[in-house]
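Q:
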Amino acid sequence: DTHMSFGVRLSNCKVGRRCVFHHGVCIGQDGFGFYFDEDAGRMVKVPQELGVIIGDDVELGANTCVDRGSRRDTVIGNGCKLDNMVQVGHNAQLGENCILCAH
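No gaps in the numbering here: position 66 of the sequence shown is 66 in my numbering, and each next residue is one more.
1) May I have a chain-ordered list of the beta strand (DSSP E) segments no shorter than 3 residues that lie completely inside the segment 20-54?
2) From this set, D39, G41, L10 and V20, which residue's C-alpha is nearest R83's C-alpha?
3) Taking 7 Å as the limit between beta carbons, can you name the residues of its chain near P47, skipping five residues before and five after?
4) According to DSSP, simplified to helix, strand and coil, what is T74?
5) Please work out which residues of its chain come closer than 7 Å, Cβ to Cβ, to Q2, disregarding the five sequence neighbours upstream and downstream, and give them in chain order.
6) How many whole angstroms separate the CB atoms of G51 and G28, which I take to be in contact at a CB cut-off of 8 Å?
7) Terminal residues of the continuous beta strand (DSSP E) containing C13?
8) Distance check for D67 and Q87, CA to CA, integer angstroms please.
9) Tell me whether E59 sits in a helix, a strand or coil according to DSSP, three-state version.
Put into structure tokens, the structure is as follows:
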């Protein structure tokens, strides 16, 4: 009972019921996290090895991205609605019925 449009990519995630994912949604990809390693003298990638939990009745607009977690799962709570082009970073925790709009 979840609808996924063309080009939706899912990995490392659990998806609830009655969700709608519009074109180009990406869930569970590697997040953007780095730190400067003094010994190596360069930026080093922070591993993003956890997952994403999407609740029930969630709608994600076109080209929205939800990164998987590094310290805890990224969570999109029940009933959340996200506009097109919204970026949800790793470890984010959205409660129930949140609305996010892109800028």
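Ideal Cβ placement from N, Cα and C applies to all residues, glycine included.
A: In short, the structure shows the following:
1) 26-29, 34-37, 42-45 and 52-54
2) In the sequence as displayed, the identity of residue 83 is Asp instead of Arg. Per the Cα distances, V20.
3) S70
4) strand
5) What sits at residue 2 in the sequence shown is Thr, not Gln. V15, R17, R18 and C19.
6) 6 Å
7) C13 to V15
8) 8 Å
9) strand
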